[in-house]
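Single-structure report; data block below.
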Amino acid sequence: MCLAVPHTVVKIMDENRALVSTGGVELEVRTDLIEDLQVGDVVLVHAGFVIEKYNEDEGKELESLWEEVMQFASGR
Amino acid sequence: MGRLSLGHGSGGRLTNDLIKEIASTFARGSGMLEFEDCALLPGGWGVTIDGFTVSPLSFPGGDIGKLAICGSVNDLAVRGVRPLWLAMSLLAEEGLDEEELFVYMRSAASVCAELGVQLVAGDTKVLPRGEADRLYITTCAMGKNEAISPWGIKEVSPGDAIIVSGPVGRHGAVIASLRYDIKLRELESDCAPLWPLIEPLTRLRGVHAARDCTRGGLGTVLCEWAEGANVGIEIDEEAIPADGDVSAVSDILGFDPLYLACEGTAVFAVALERAETVLETLRSHPIGRSAAVIGKATEAHPGLVGLRTAAGGMRVVDMQGGELLPRIC
Amino acid sequence: MPQVGDLRAKMSSLLEALDKWLCRPITVMEVCGTHTVSIFRSGIRTMLPEGVRLLSGPGCPVCVTDQAEVDAMVRLAKGPGVVLATYGDMVRVPGSCGSLAEARASGAEVAVVSSAIQALALAGSIQDKEIVFAGIGFETTAPATAVLLREARSKNVKNLSVLSLHKLVPPVLRLLASDPMLNIDGFLLPGHVSTIIGTAPYAFLAEEYGKACAVAGFEPLDIMAGIVEIARQICEGRPAVRRLYGRVVRHEGNVKAQELLEEVFRPASVRWRGIGLVEASGLVLANDYSDFDAYSRFGITLEEVSPPAGCRCGDVLAGRITPPECPLFGRSCTPQFPVGPCMVSSEGSCSAYYRYSSKGVSPWGA
């Protein structure tokens, strides 16, 4: 129920607006739901609002699942 | 019968059903319309008509003038018909800037000059302010069939290779971006005349059908082929030429590029043994450089179009079902 | 995630792991319409082994919007001097007297927006009309409506109000988990709702009901990994809520968004189409924002409306039947002429089955 797309922040326009882009496509979005946004941050945008910043470090549980999956797959 | 909805004009199933209803009103006494992009008349002539209501009137890659010519001559081109003559009707809203009108007329004239198409008849009406959305253009194009074998839905046969001339959905993505405030750095409409790309194919055997993927997109065309020719079609998502910006716009608005309009991209059904030759011919033209085989027609599951997904699964491709609306869900 | 290998190869690896970890037939329910669509579009169902039954739950906000709420929206739109602004998803949903699209064809003013904040701009540019924003969606989308309301209040905008149709996911999960008829072994949990609420609200599913859970993203790999994780939890007898979308889901969620929701809304018991009243499962405007409540501004009361005869949307939404088992599916109820919202919404199960699996009789399964 939540179509959301990752974008990179290219410009902070003011305290609640930023310009984000994916490739050659740019969008003005609202940033009211997020703190400390910086240019270069990768963010998740839903219905014109940034709802979260991407944080690859937090992906530990998925990483460990993959490690087990790959171990099993290569063990065959 | 209810009221017409925007879905009736979007090029998918509702549009097809409406056209069939209208055609059947005429069938009594005057002969059925063929459900092709252009009609082939006795003597080898081809004729087509199309109305253009694009908003905004100007967009990256073109404007309503360019679109009005390309749209009609492309409908001829995909049946192997060389465009020769054009009749044009303008419905303008009171208050439209004359200089702006002539920008569009010059765009249109430029395409005609490029193709050697002559404007032979025209009509202009001005409606009171508020009764038309700035400008509508209708063009009727006519020309001579040069294909050495018949091109049409009924010729699509099991075993045919399905070939697309370039990345799909560019025009639709551009218009949607303008409508929903998405800025584009590079993406332009693919609006272009297809005759120069298609003309060399008219001399080849083995071309069975061609279509330009306008409203309703590639997905709708393939469904029309599958149903009209009673064949199955299978395509591979990985093989479809894609444009990164079209994908980005589609992801943001929740659209599927398979259903976004193209205005200068064609799909072909070609006998398998001729596929290489057709590909080489297409790729030798600037607008056909990314032409690719995307799948094939089959005897299996007649009437159905299947897609092998990037993930490796299979899904059915249905016709676009009504107005294309952005979604948040 | 493995860095090398293409998507199809990675999917194969996951399928091998699933093969190993599937100790018995399992029933997994996904409760996010975006998962429903992703699953169909990627053809994942056609790749799953026999023993995995994947049910679509009430995760399509449009589909669970009660008939009475749709009717209220359509009536509002038809009102003189009103512009009804909403997301595209809602435009074709049929009410008792037609949809917003049909109302528009008869002269009602309906504005499709891709972001809630556009309703504010509309109110500014159309001063002589009342703009009503119909807010649909779950916890992912409600914060945007909250921002709209906060800004409208701070700018003292007079001609804007909000019809809140927002709903909450955890309460309906509890209902589904406790339904003995459904026999759900595990839940694929909504990735983006979780971005807002975090993973703590789902803990009861594993702790109280012993359900295996995975919070998953929306790429085919994410979804398949979620299913693999659920199978493994079941096989090893250790139900938990695993956060497999950590790249955007923090355990605590988006606290700022949560605080905003608490400021602007309060929970209320609302009716979910086909399911009935679910306690504390909807969001209504808090007292401080009651001036902007379209229900009170326009005197809207919601009567109980029965869905159209034969419509089994509710059973589909609760996962009791699959769309092809509804007698109307593919006959009187199609995407072109939908009877219920499950067929209209691009995320609705029925629409997905119809479009992506050829009316449920796809030659490739699913």
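Protein chains in written order, with our numbering: chain C, 1 to 76; chain Z, 1 to 329; chain Y, 1 to 366. All C-beta atoms, glycine included, are put in the ideal place defined by N, C-alpha and C. Quantities reported herein were computed from a predicted structural model and do not represent experimental measurements.
The CB of R266 of chain Y never comes closer than 8 Å to any CB in chain Z; the least such distance is about 23 Å.
Of the candidates Y:C60, Y:E102, Y:V70, Y:A108, Y:A108 places its Cα closest to the Cα of P80 of chain Y.
When the five nearest sequence neighbours on each side are left out, the beta carbons in the same chain lying within less than 7 Å of the beta carbon of G9 of chain Z are those of T15, in order along the chain.
Below 8 Å, enough C-beta pairs join the stretch 198-208 of chain Z and the stretch 275-284 of chain Z to call them touching: three or more.
A310 of chain Z reaches chain Y at L7, R8, S42, P220, counting residues in chain order whose Cβ is nearer than 8 Å.
Chain Y places a beta carbon closer than 8 Å to that of H46 of chain C, counting this residue as a contact. Against G88 of chain Y, the close residues of chain Z are L325, P326, R327, in the order they occur along the chain (beta-carbon pairs closer than 7 Å). The Cβ atoms of P83 of chain Z and V117 of chain Z sit closer than 8 Å to each other. Within chain C, the C-beta atoms nearer than 7 Å to that of E186 of chain Z come from G24, in chain order. In terms of CA proximity to E188 of chain Z, Z:S177 leads the group Z:S177, Z:L197, Z:D181.
Take E100 of chain Z, set aside five residues on each side of it, and the residues of its chain with a beta-carbon closer than 8 Å to its own are L57, in chain order. With at least 16 other beta carbons inside 10 angstroms of its own, M224 of chain Y counts as buried. Within 8 Å of the CB of L65 of chain C, no CB atom of chain Z is found; the nearest one sits about 18 Å away. M314 of chain Z is bridged by DSSP to Z:R308. Closer than 8 Å to the CB of M181 of chain Y there is not a single CB belonging to chain Z. Neighbours of V5 of chain C in chain Z, taken as residues whose beta carbon is under 8 Å from its own, are A248, D251, I252 in chain order. At a C-beta separation below 7 Å, G59 of chain C has these neighbours in chain Y: G246, R247.
Shortest Cα-Cα distance from L22 of chain Y to any of Y:D71, Y:F298, Y:I230 involves Y:I230. Taking C-beta atoms as the reference points, A210 of chain Z and F268 of chain Z count as a pair closer than 8 Å. Secondary structure at I294 of chain Z: strand, using DSSP grouped into helix, strand and coil.
With fewer than 16 neighbouring CB atoms inside 10 Å of its own CB, I22 of chain Z falls in the exposed class. Taking A116 of chain Y as the centre and dropping the five residues before and after it, the same chain places the C-beta of A144, T145, L148 closer than 6 Å to its C-beta, in chain order. Listed along the chain, the chain C residues whose CB falls inside 8 Å of the CB of I182 of chain Z are V25, E26, L27. Residues of the same chain with a CB within less than 6 Å of the CB of L282 of chain Z, apart from the 5 flanking positions on each side, are S165, G288, A291 in chain order. In this structure, the alpha-carbon of K183 of chain Z lies about 33 Å from that of G295 of chain Z.
Taking a Cβ-Cβ threshold of 8 Å, none of the residues of chain Y is close to R134 of chain Z; the smallest such distance is about 19 Å. The C-alpha of D19 of chain Y is placed about 43 Å away from the C-alpha of V29 of chain C. Residue contact with chain Z for Y356 of chain Y: present (Cβ-Cβ distance below 8 Å to some residue of chain Z). Per DSSP, H46 of chain C lies in no alpha helix (DSSP H) segment; the continuous beta strand (DSSP E) that holds it begins and ends at 42-46. The C-beta distance from P193 of chain Z to E114 of chain Z rounds to 7 Å, short enough to meet the 8 Å contact threshold. One Cα belongs to K211 of chain Y, the other to S178 of chain Y, and the distance between them is close to 10 Å. Using a Cβ-Cβ cut-off of 8 Å, R170 of chain Z does not count as an interface residue toward chain Y, since no Cβ of chain Y sits closer than that to its own. Per the DSSP secondary-structure output, K53 of chain C pairs in a beta bridge with C:V43. Using a C-beta cut-off of 8 Å, the stretch 183-196 of chain Y makes no contact with the stretch 156-165 of chain Y, since fewer than three inter-stretch Cβ pairs fall below that distance. Take T22 of chain C, set aside five residues on each side of it, and the residues of its chain with a beta-carbon closer than 8 Å to its own are V5, P6, H7, T8, in chain order. In the three-state reduction of the DSSP assignment, H301 of chain Z falls in the coil class.
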